[in-house]
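Quick note: the sequence shown uses UniProt numbering, first residue 1, plus one each step.
Below you'll find the structure, written out as structure tokens, and then a few comments.
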Amino acid sequence: MIALYLILKVVVGAVASVLGFVRKELVLARAPMAPGFVPFIGHTITLFKAVGSYPCTWDLFAQWSTATAPKPVRVQIFTQHCVVIADPSTMKRVMSSNLKNYSKDLEFSYAPFLEILGTGLVTSGGDTWRKMRGHISKALRVEILDEIIAIATRAVDRLCVKLDAIKGTGESIDMENEFRLLTLQVIGEAILSLSPEESDELFPSLYLPIMDECNARSLSPWRTYLPTPEWFAHRKRVRQLDAAIIKIVRDRWDKKRSGQNVPDDILERVLDQELNEKRSEVERQLCYEIKTFLLAGHETSAAMLTWTMHELSNNGEATEKIRKESDKVFGRLKKDALPTRESLDTLDYSLAALKETLRLYSVVPVVNRVAEEDDDLGGVRIPKGTTVIMSLQGVHHREDLWPDPLVYKPERFTDPGFNENEGFKFLPFIQGPRNCLGQYLALLEARVVLCTLIRKYKWTKASAENGKKHTKAIPIAPANGMHFTVA
Numbered sequence: 001m002i003a004l005y006l007i008l009k010v011v012v013g014a015v016a017s018v019l020g021f022v023r024k025e026l027v028l029a030r031a032p033m034a035p036g037f038v039p040f041i042g043h044t045i046t047l048f049k050a051v052g053s054y055p056c057t058w059d060l061f062a063q064w065s066t067a068t069a070p071k072p073v074r075v076q077i078f079t080q081h082c083v084v085i086a087d088p089s090t091m092k093r094v095m096s097s098n099l100k101n102y103s104k105d106l107e108f109s110y111a112p113f114l115e116i117l118g119t120g121l122v123t124s125g126g127d128t129w130r131k132m133r134g135h136i137s138k139a140l141r142v143e144i145l146d147e148i149i150a151i152a153t154r155a156v157d158r159l160c161v162k163l164d165a166i167k168g169t170g171e172s173i174d175m176e177n178e179f180r181l182l183t184l185q186v187i188g189e190a191i192l193s194l195s196p197e198e199s200d201e202l203f204p205s206l207y208l209p210i211m212d213e214c215n216a217r218s219l220s221p222w223r224t225y226l227p228t229p230e231w232f233a234h235r236k237r238v239r240q241l242d243a244a245i246i247k248i249v250r251d252r253w254d255k256k257r258s259g260q261n262v263p264d265d266i267l268e269r270v271l272d273q274e275l276n277e278k279r280s281e282v283e284r285q286l287c288y289e290i291k292t293f294l295l296a297g298h299e300t301s302a303a304m305l306t307w308t309m310h311e312l313s314n315n316g317e318a319t320e321k322i323r324k325e326s327d328k329v330f331g332r333l334k335k336d337a338l339p340t341r342e343s344l345d346t347l348d349y350s351l352a353a354l355k356e357t358l359r360l361y362s363v364v365p366v367v368n369r370v371a372e373e374d375d376d377l378g379g380v381r382i383p384k385g386t387t388v389i390m391s392l393q394g395v396h397h398r399e400d401l402w403p404d405p406l407v408y409k410p411e412r413f414t415d416p417g418f419n420e421n422e423g424f425k426f427l428p429f430i431q432g433p434r435n436c437l438g439q440y441l442a443l444l445e446a447r448v449v450l451c452t453l454i455r456k457y458k459w460t461k462a463s464a465e466n467g468k469k470h471t472k473a474i475p476i477a478p479a480n481g482m483h484f485t486v487a
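This is the structure:
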């Protein structure tokens, strides 16, 4: 009897899968098909060939979706039905006006990163998401933003010690690596009050290799299952990172319970709202939130700074504008004084340079959602269960939205008639209710770092490989570092 039940369950499941597949095929028939389709396996071979080559996967998604916009373009990966969109109005529907119909694509897109993200703010939904977003929103209020200025200043001053040692010698330095270390130090101190030495000991040896492996798995999914030496090493690193973070949370909890003084950082502010919850659940959830902060608050900031320095090394006029503008703020400071948020907010051109980098490079090139029920996007019926791939790179590179889209022009964002928040055409931090909570913090930190480095040094690129993009990593990073000499 049990055997018969199991057989029937398998048969019913198989029939349901086939019927679901056929229904999606019929409903999506009106959507234009992307080039390179092969019966039964879809675009799998086309996308596989793009891994590690140019144009890469994200470039293909951008090309395909902009060619058919405002209509979505249909893509199939084995039996997975997807549509790719690069139209502001359809982006708005998915991100905002019909947000409830589109859930995070955990099985298809986020799977390689779930060891990092878990049920953190990026991947969670429902009550967990609402609760933690509320807690973190409260933690990112004015006092923390003011503290970020001090933390970023100390971090860039430490970097300047390294730069002073090679200034004028002709020795090059990899600024991609330096920015990754710097932003980890900033986020480590802001969240956990870690010293630079503690951040350098914990994150480069554990977190960075974990992220590298997660990125590798996203485009080579078999790495998730093959028990290679790297597979075992990855599991060990994840356990070690989790243990280190949970120990920090546990120690902080004990100190608060016993009435000891604790640092006024982001962990303190979030933990303050969680002390009446079950301790083991809080420890696990905060471990995920801290790792989410590391991913969202470190990787994108480092990539933004890296590509901005690359573009400025090719654009003397823009560099000089930033130097003159930053002199008005930083040049007037007395020794050991810090700029204020108000003074940093006057750095319009410097901020524009950073935003133009985010547009041109789209360091997060795609964001995926899954349709919970049928919907209409761009005049095409989208069946339940379809993966919707939002090509942020596609929107950012549309010529009808951004004239000369592949040219670096910070002036776009200083034009008095331009409103970046209008029409869902500038999306580096997403728009709508699930937008990035740390976007102002990230741009505040980046202005401190960028303006300090431009004021103090003359930058010359030291490698012809500087502009070459990595074809697999997210956020989009250089393929072979970003090397400069300084004078």
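We put the CB at the ideal spot given by N, CA and C, even for glycine.
Best match in Q185, L219, R412, P221 for proximity to Y207 [C-alpha to C-alpha]: In this structure, Q185 is the residue among Q185, L219, R412, P221 with its C-alpha nearest to the C-alpha of Y207.
Could you check the C-alpha separation between R237 and I210 for me, to the nearest Å? Spanning the alpha carbons of R237 and I210 requires a straight line of approximately 7 Å.
Would you say the beta carbon of V142 is closer than 6 Å to some non-hydrogen atom of the ligand NAP? The model depicted lacks the ligand NAP and carries no ligand whatsoever.
Is it the case that the region 263-273 contacts the region 400-414, given that we only count it when at least three CB pairs across the two stretches are under 8 Å? In this structure the region 400-414 does not touch the region 263-273; the number of beta carbon pairs closer than 8 Å is below three.
Using the rule of at least 16 other Cβ atoms within 10 Å of the residue's Cβ for burial, across every protein chain shown, is E281 buried or exposed? With fewer than 16 Cβ atoms within 10 Å of its Cβ, E281 is classed as exposed.
Which residue marks the beginning of the beta strand (DSSP E) containing W459, and which one marks its end? Where W459 is concerned, the enclosing beta strand (DSSP E) stretches over 459-461.
Span of the beta strand (DSSP E) holding Q80? For Q80, the enclosing beta strand (DSSP E) begins and ends at 80-85.
Outcome for N419 when other beta-carbon atoms lying within 10 angstroms are tallied against a minimum of 16: With fewer than 16 other Cβ atoms within 10 Å, it is exposed.
Hey, is K162's beta-carbon within less than 7 Å of any beta-carbon in chain D? In the displayed structure, chain D is absent; only one protein chain is listed.
Is it the case that the Cβ atoms of G394 and A86 are separated by a distance below 7 Å? Cβ distance < 7 Å, so G394 and A86 count as in contact.
Cβ separation of D200 and M482, assumed to be a contact under 8 Å, to the nearest whole Å: Taking 8 Å as the upper bound for CB-CB distance, D200 and M482 are not in contact here, some 20 Å apart.
So for N368, helix, strand or coil by DSSP? DSSP places N368 in the strand class (E or B) of the three-state scheme.
For V370, which residues of its own chain have a beta-carbon under 6 Å away from its beta-carbon, when the five flanking residues on both sides are left out? S103, D105, T387.
If you count every other CB in all the chains shown that lies within 10 Å of the CB of N215, and 16 or more means buried, which is it? Classification for N215: buried.
Beta-carbon gap between A67 and V380 smaller than 7 Å: Result no, Cβ atoms of A67 and V380 do not sit closer than 7 Å.
Pull the bridge partners of P478 from the DSSP assignment, please. Bridge partners of P478: K469.
What is the rounded straight-line gap between the Cα of Q240 and the Cα of E115? C-alpha separation (whole angstroms): 12 Å.
Name the residue from N435, A446, E277 whose alpha carbon lies nearest to the alpha carbon of V94. For V94, the closest alpha carbon among the candidates N435, A446, E277 is that of N435.
Which value, in whole angstroms, describes the spacing of the CA atoms of C160 and I454? Whole-angstrom Cα-Cα distance: 11 Å.
P410 burial status per 10 Å Cβ neighbour count (16 or more: buried): Its Cβ being crowded by 16 or more others within 10 Å, P410 is buried.
Would you mind stating whether G378 and P72 have Cβ atoms separated by less than 7 Å? Less than 7 Å separates the beta-carbon of G378 from that of P72.
Report back the beta-carbon spacing between K461 and F484 to the nearest angstrom; my notes put them in contact at under 8 Å. Indeed they touch by this definition, with Cβ atoms about 6 Å apart.
Would you call the region 274-290 and the region 333-350 touching, i.e. three or more CB-CB distances under 8 Å? By the Cβ rule, the region 274-290 does not count as touching the region 333-350, because fewer than three pairs are nearer than 8 Å.
Nearest-angstrom Cα separation, counted from L219 out to R235: Whole-angstrom Cα-Cα distance: 19 Å.
Based on DSSP bridge pairs, tell me the residues matched to F484. Residue pairing by DSSP puts F484 in a beta bridge opposite I173, K461.
Using 7 Å as the threshold, is the C-beta distance between T292 and V122 below it? The answer is yes: Cβ separation under 7 Å.
So what does DSSP say about L401, is it helix, strand or coil? Of the three classes helix, strand and coil, the one that applies to L401 here is coil, per DSSP.
Assuming A155 contacts L182 under a Cβ cut-off of 8 Å, what Cβ separation, rounded to an integer in Å, is found between them? With a beta-carbon spacing of about 5 Å, A155 and L182 fall inside the 8 Å limit used to define contacts.
Sorted by chain position, which residues of the same chain lie with C-beta nearer than 8 Å to E230's C-beta, five sequence neighbours on each side aside? Contacts found: E213, R223.
Using alpha carbons as the reference points, say which of F413, P416, K384, Q439 lies closest to K24. Here the closest residue by C-alpha is K384.
Give me the Cα-Cα distance between S53 and H470, rounded to the nearest whole angstrom. Straight through space, the alpha carbons of H470 and S53 are spaced by roughly 9 Å.
Let's test the definition: count the other Cβ atoms within 10 Å of the Cβ of H424 and tell me whether it reaches 16, buried, or not, exposed. Before going on, a small fix: residue 424 reads as Phe here, not His. Burial call: buried.
Among I191, S109, E107, Q260, the one whose alpha carbon lies nearest that of E147: Taking E147 as reference, the option from I191, S109, E107, Q260 with the minimal CA-CA separation is I191.
To the nearest angstrom, how far is the alpha carbon of A150 from that of S89? Cα to Cα, the separation comes out at about 40 Å.
Considering only DSSP beta bridges, list what I382 is partnered with. Partner(s): D375.
In chain order, what are the residue ranges of uninterrupted beta strand (DSSP E) at least 3 long that sit wholly in the region 181-238? Listed in chain order, the beta strand (DSSP E) elements of length 3 or more contained wholly in the region 181-238 amount to none.
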